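Numbering-wise (numbering that gives the first Met the number 0), the sequence shown opens with residue 0 and increments by one.
Positions of the beta carbon are idealized from the N, C-alpha and C atoms, including for glycine.
Just so we're clear, the structure is a prediction, and the values are computed from it rather than from any experiment.
Structure record follows, encoded as structure tokens.
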Amino acid sequence: MKVVIIGAGVIGLSCAHYASNKGYEVVVIEGGDGMDNCSWGNAGYISPSHFIPLASPGIVAQGLRWMLSASSPFYIRPKADVSLWKWCWRFYQKATDAEVQKNAPHLDNLLRLSRDLIEDLDRDLGGTIGLSTSGCLMLYKKQATGHHEAELAEEAKKLGWDAFVLSANEVQAMEPNVQLDVLGGVYFPKDAHVHPSLLMNSLREHLVRKGVTFLHHRKVTGFQIEGARVTSVLTDDGAISADSVVLATGASLPALAAKLGQSILVQPGKGYSVTYPEPISMPAHPAILVDDRVAMTPLGDALRVGGTMELGNYGSQINMRRVKPIVAAANAYYPELKLEVPSPEKVWTGLRPCTPDGLPYLGKVPGLSNAIIAGGHAMIGVSMATGTGLLVSEMMEGQQTTIPVQAFRTDRF
Numbered sequence: 000m001k002v003v004i005i006g007a008g009v010i011g012l013s014c015a016h017y018a019s020n021k022g023y024e025v026v027v028i029e030g031g032d033g034m035d036n037c038s039w040g041n042a043g044y045i046s047p048s049h050f051i052p053l054a055s056p057g058i059v060a061q062g063l064r065w066m067l068s069a070s071s072p073f074y075i076r077p078k079a080d081v082s083l084w085k086w087c088w089r090f091y092q093k094a095t096d097a098e099v100q101k102n103a104p105h106l107d108n109l110l111r112l113s114r115d116l117i118e119d120l121d122r123d124l125g126g127t128i129g130l131s132t133s134g135c136l137m138l139y140k141k142q143a144t145g146h147h148e149a150e151l152a153e154e155a156k157k158l159g160w161d162a163f164v165l166s167a168n169e170v171q172a173m174e175p176n177v178q179l180d181v182l183g184g185v186y187f188p189k190d191a192h193v194h195p196s197l198l199m200n201s202l203r204e205h206l207v208r209k210g211v212t213f214l215h216h217r218k219v220t221g222f223q224i225e226g227a228r229v230t231s232v233l234t235d236d237g238a239i240s241a242d243s244v245v246l247a248t249g250a251s252l253p254a255l256a257a258k259l260g261q262s263i264l265v266q267p268g269k270g271y272s273v274t275y276p277e278p279i280s281m282p283a284h285p286a287i288l289v290d291d292r293v294a295m296t297p298l299g300d301a302l303r304v305g306g307t308m309e310l311g312n313y314g315s316q317i318n319m320r321r322v323k324p325i326v327a328a329a330n331a332y333y334p335e336l337k338l339e340v341p342s343p344e345k346v347w348t349g350l351r352p353c354t355p356d357g358l359p360y361l362g363k364v365p366g367l368s369n370a371i372i373a374g375g376h377a378m379i380g381v382s383m384a385t386g387t388g389l390l391v392s393e394m395m396e397g398q399q400t401t402i403p404v405q406a407f408r409t410d411r412f
């Protein structure tokens, strides 16, 4: 079988890994150089604790309050875009207790599968991805936030995950090398993290050694279809024959899927991160600063700080009004770090592919037996990448998937 994967982010490379493991001929097509997608500047979390979908109760009201400020953790850039407002309407419909109760177990299944597989991948790649299994802290300063996080900890326990509610002193005891200013936290010991750049470089080099072909700077212009099968992927540099095709292009997925007659809802969730080499002190654990929606990740000798969600913005320009609150939050929780606001050229930005219900798209294009969509993983693409890759390889063969995938079908909206 010849498999053509469109997209060289972490999802596309994971699909290539599991397809090549089955002995398939694999070709990866990428519109750029593969170095500028959302897989590089993220927090690197492998987080089964993130089982609550983005669309959840209270997020709409909170989002409307945040909408009053362009520097808030969540912002929708107002514009006359039918697809954006259709997405927002669906998001509003899905942000209910009933929808969360229905969707969280499916998200948990995929996160659990991926968490199990990441250590296998680390071994396959010779321990070169910076994998750490130290867990993750959810830190907060507000009592109401602490109450909510404690409730989430109870939900995690119902799913079989360990979760420990900690006082401020207990959190500080877990972080002896850095001063903290928090009310408390929740510790998820099964969470892990990788160094995103190491993961992407190691995985790509591994795939090249296995014979995977990478075609960079290729634009996909269409598809050749015969009956119910895609026979070729058309590019600006010629056609590429295919027995199976995977669409894994992140935030640009809707435009590509439309070339196969599939209409899907994905909006870009723009985020920012700053990486500080050799900070004054280094946290022992990655942490999410819950009140401010900021992520902190120790990456070897460097510390990465990232956050914000700006919907509807496909641009790559750096908005320092959104960067400054990220740094301010880090300094508020870790006052001795005294992180400086960087110059714009030292800020990374990327587009997370967000679906209205917080579940990714993972399944075959209706009416086509050999075209699979794998996208819409939002802020937890690294967390779900290995599981996604395995499931896609199973779909290619038409075999029973390791976990049920009906909830992720591509035509659910």
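Since G388 and S13 should fall inside the 8 Å C-beta cutoff, what is the C-beta to C-beta distance between them, to a whole number of angstroms?
Translated into positions along the sequence shown, residue 388 becomes position 389. Translated into positions along the sequence shown, residue 13 becomes position 14. Confirmed, about 3 Å.
According to the Cβ coordinates, are G305 and S272 closer than 7 Å?
Here residue 305 refers to the residue found at position 306 when the sequence shown is read from its first residue. Here residue 272 refers to the residue found at position 273 when the sequence shown is read from its first residue. In this structure, S272 lies closer than 7 Å to G305 by Cβ.
Could you pull out every residue in the same chain whose Cβ sits closer than 7 Å to the Cβ of I10, ignoring the five residues on either side in sequence?
By one-based count along the sequence shown, residue 10 stands at place 11. Excluding positions up to five away in sequence, the list reads A247, A373, G374, H376, G380, A384 and T387.
Could you pull out every residue in the same chain whose Cβ sits closer than 8 Å to the Cβ of E339, ignoring the five residues on either side in sequence?
Walking along the sequence shown from the start, residue 339 turns up at place 340. Same-chain partners within the cutoff: V326.
I'd like the span of the beta strand (DSSP E) that includes W88, first residue to last.
Counting from one through the sequence shown, the residue named residue 88 turns up at place 89. Counting along the chain, W88 falls outside any beta strand (DSSP E), though it belongs to the alpha helix (DSSP H) covering V81 to K93.
Provide the residue(s) that pair with K1 in DSSP beta bridges, ordered along the chain.
Within the sequence shown, numbered from 1, the residue matching residue 1 stands at position 2. In the DSSP output, where bridge partners are listed per residue, K1 has E24.
Going by C-alpha to C-alpha distance, which of A370, N318 and D356 sits closest to G362?
Within the sequence shown, the letter at position 363 stands for residue 362. Among A370, N318 and D356, the Cα nearest to that of G362 belongs to A370.
Does DSSP put V193 in a helix, in a strand, or in coil?
Residue mapping note: residue 193 aligns to position 194 of the sequence shown, counting from 1. Here V193 sits in coil by DSSP.
Using a 10 Å radius around the Cβ and a threshold of 16 neighbouring Cβ atoms, would you call R351 buried or exposed?
Counting from 1 along the sequence shown, the entry for residue 351 is found at position 352. Under this definition R351 is a buried residue.
Please state whether DSSP places R217 in a helix, a strand or coil.
For the purposes of this step, residue 217 is taken as residue 218 along the sequence shown, with counting starting at 1. Looking at R217 - three-state DSSP - the assignment turns out to be coil, as it is neither helix nor strand.
Could you tell me which residues DSSP puts in a beta bridge with G306?
Here the question's residue 306 lines up with position 307 in the sequence shown. DSSP output for G306 lists Y271 and V293 as bridge partner(s).
Provide the residue span of the beta strand (DSSP E) that contains K345, from first to last.
Indexing the sequence shown from 1 puts residue 345 at position 346. Here K345 belongs to no beta strand (DSSP E), and DSSP marks it neither H nor E.
Beta-carbon within less than 8 Å of M394's beta-carbon, same chain only, minus the 5 sequence neighbours each way: which residues are those?
Counting from 1 along the sequence shown, the entry for residue 394 is found at position 395. The residues are G362, K363, I371, T400 and V404.
Among residues of its own chain, excluding the 5 on either side of R111, which ones have a beta-carbon nearer than 7 Å to its beta-carbon?
Position 112 of the sequence shown, counted from the start, is the residue given in the question as residue 111. Correct list, in chain order: P47.
Tell me where the alpha helix (DSSP H) around S382 begins and ends.
Numbered from its first residue, the sequence shown carries residue 382 at position 383. First-last of the alpha helix (DSSP H) with S382: G380 to E396.
Three-state class that DSSP yields for M281 in the structure shown
Residue numbering aside, residue 281 sits at position 282 when the sequence shown is read from its first letter. Coil at M281, not helix or strand.
Quick one: give me the first and last residue of the beta strand (DSSP E) that R408 is part of.
For this step, residue 408 is matched to residue 409 along the sequence shown. Premise fails: R408 is in no beta strand (DSSP E) and is neither H nor E.
D32, DSSP secondary structure in three states:
Position 33 of the sequence shown, counted from the start, is the residue given in the question as residue 32. Of the three classes helix, strand and coil, the one that applies to D32 here is coil, per DSSP.
Just the Cα atoms here: how many angstroms apart are T127 and D32?
Counted from its first residue, the sequence shown places residue 127 at position 128. Counted from its first residue, the sequence shown places residue 32 at position 33. One C-alpha to the other measures close to 22 Å.
What would DSSP say about I128, mapped onto helix, strand or coil?
By 1-based counting over the sequence shown, the position of residue 128 is 129. I128 falls in the coil class under three-state DSSP.
State the Cα-Cα distance for the pair C87 and V265, rounded to the nearest angstrom.
For the purposes of this step, residue 87 is taken as the residue at position 88 of the sequence shown. For the purposes of this step, residue 265 is taken as the residue at position 266 of the sequence shown. Each residue's Cα considered, the two are about 10 Å apart.
By Cβ distance below 7 Å, which residues in the same chain neighbour K93 in space, the five residues on each side in sequence not counted?
Working through the sequence shown from its first residue, we reach residue 93 at position 94. Cβ within range, chain order: A54, P355 and D356.
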